[in-house]
Amino acid sequence: MTRESQSSTGDNVDHAELHKFTHRAHEWWDPNGAFGTLHAINPLRLEWIDQHADLAGKKVLDVGCGAGILSEAMAVRGAQVTALDAGAEHLEVAREHAHDSGLEIHYLHTTAEAHAEHHAGDYDVVTCLEMLEHVPDPEAVIDALVQLVRPGGWLFLSTINRTPRAFAEAIVGAEYVLRLLPTGTHEYSRFIRPSELGTVLRRHRLEVIDMTGLTYSPLSGRYRLVPRTDVNYLMAARRPESDSETP
Numbered sequence: 737m738t739r740e741s742q743s744s745t746g747d748n749v750d751h752a753e754l755h756k757f758t759h760r761a762h763e764w765w766d767p768n769g770a771f772g773t774l775h776a777i778n779p780l781r782l783e784w785i786d787q788h789a790d791l792a793g794k795k796v797l798d799v800g801c802g803a804g805i806l807s808e809a810m811a812v813r814g815a816q817v818t819a820l821d822a823g824a825e826h827l828e829v830a831r832e833h834a835h836d837s838g839l840e841i842h843y844l845h846t847t848a849e850a851h852a853e854h855h856a857g858d859y860d861v862v863t864c865l866e867m868l869e870h871v872p873d874p875e876a877v878i879d880a881l882v883q884l885v886r887p888g889g890w891l892f893l894s895t896i897n898r899t900p901r902a903f904a905e906a907i908v909g910a911e912y913v914l915r916l917l918p919t920g921t922h923e924y925s926r927f928i929r930p931s932e933l934g935t936v937l938r939r940h941r942l943e944v945i946d947m948t949g950l951t952y953s954p955l956s957g958r959y960r961l962v963p964r965t966d967v968n969y970l971m972a973a974r975r976p977e978s979d980s981e982t983p
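According to the numbering used here, the sequence shown is numbered sequentially starting from 737.
This is how it looks when you write it as structure tokens:
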């Protein structure tokens, strides 16, 4: 799963990938704009996470938060949310929107790896959605995410499967035909199979509790959670209560 880093600074950030999103940070909260898909799928992924982890009162970390769509939704559910992103432009928009919404969210301009150095085991819930396919070394991110989850805590991930159907739907269909996403958002070689993701999690002694697919119907214009995971999918894993050592 590890890819050669394209970062010039030695961190686990592909700055070309980051620029795809930061240069449109001002559009993040427009449900009809470039990030409309995130607005459309957010209620589904939020409800799925909350059903597993019961967010109210939980200490939550949202990694790769962008301008805060999921972060705010979890805060509204009663979570104590810290959120981080490598894009400073995202965070400026996120802080302004949270202030206007009357929400207290602690936004940090950093990476999961750097945050894990001082906050291992601090969080009941860690989320990292739609990010792993955009970093040079996804395994390094996962290593950090696992460290950040407390024993007994939850880790929620989402990404795209590396299958011919995913190429057809997530790239050709979503970007070029239906125009649901800006052209060039994804690269097929960066997609991650569920078996690969599960292997890394189990190596860290996490138990994969649930996995679900996410699909879009052009006829209804709606997204749904579905059993098949050959395109977009979400994975829920839990760190054992007895795991007192940092992985």
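By construction, the Cβ of each residue, glycine as well, lies at the ideal position given by its N, Cα and C atoms. Source: prediction; values computed, not measured.
Residues near residue i in its chain [Cβ-Cβ closer than 6 Å; skip 5 each side]
i, result
"Leu893", "Cys864 and Met971"
"Ile805", "Leu774 and Asn778"
"Cys801", "Ser807, Ala819 and Asp821"
"Gln816", "Lys795"
"Asp979", "Pro887 and Arg941"
"Val829", "Ala761, Trp764 and Ala803"
"Gly838", "none"
Element boundaries [alpha helix (DSSP H), containing residue i]
i, result
"Gly934", "Pro930 to Arg939"
"Phe874", "Correcting the residue type first, residue 874 is Pro in the shown sequence and not Phe. Note, Pro874: alpha helix (DSSP H), Pro874 to Leu884."
"Ala752", "His751 to Thr758"
Boundaries (first-last residue) of the beta strand (DSSP E) holding residue i
i, result
"Val862", "Tyr859 to Leu865"
"Leu961", "Arg958 to Val962"
Residues bridged to residue i (per DSSP)
i, result
"Trp890", "Val861 and Arg974"
"Met947", "Met971"
"Leu942", "None, per the DSSP bridge assignment."
"His845", "Asp821"
"Tyr912", "Beta-bridge pairing links Tyr912 to no other residue."
"Ser837", "Its beta-bridge partners do not exist; DSSP assigns none."
"Tyr952", "Tyr959"
"Ile896", "Asn968"
Proximal residues to residue i (C-beta, below 7 Å), its chain only, five neighbours per side dropped
i, result
"Pro767", "His775"
"His855", "Leu884"
"Glu977", "Pro887 and Gly888"
"Ala729", "Residue 729 is absent from the structure shown; the chain starts at 737 and stops at 983."
"Asp786", "Arg813"
"Phe771", "Glu763 and Trp764"
"Gly909", "none"
"Ile907", "His922 and Tyr924"
"Glu869", "Thr895, Ile896, His922, Arg926, Phe927 and Ile928"
"Leu917", "Thr773, Ala910 and Glu911"
"Leu914", "Pro954"
Other residues of its chain near residue i: CB distance less than 8 Å, five sequence neighbours each side excluded
i, result
"Thr965", "Asn897, Pro930, Met947, Thr948 and Gly949"
"Arg974", "Gly888, Gly889, Trp890, Leu891, Leu942, Glu943 and Ile945"
"Leu780", "Leu950, Tyr959, Arg960 and Leu961"
"Pro983", "At Pro983 the pLDDT is 44, less than 50, meaning the model places this residue with poor confidence; the figure from the coordinates comes in the next sentence. Once the five neighbours on either side are set aside, the close Cβ partners of Pro983 are Asp879, Val882, Gln883, His940 and Arg941."
"Glu866", "Leu774, Gly800, Ser894 and Thr895"
"His759", "Glu825"
"Asn748", "Ser741, Thr847, Glu849, Val871, Pro872, Asp873, Ala876 and Val877"
"Thr919", "Glu911 and Tyr912"
"Tyr969", "Ser894, Thr895, Ile896, Asn897, Pro930, Met947, Thr948, Gly949 and Leu950"
Inset, instruction - Would you check if there are 3 or more beta carbon pairs closer than 8 Å linking the stretch 838-854 to the stretch 812-830? - result: yes
Inset, instruction - Evaluate the contact criterion for the stretch 850-865 versus the stretch 876-888: three or more CB pairs, one atom per stretch, below 8 Å. - result: yes
Legend entry - Secondary structure, beta strand (DSSP E): runs of 3+ residues fully inside the stretch 770-828: 795-799 and 816-821
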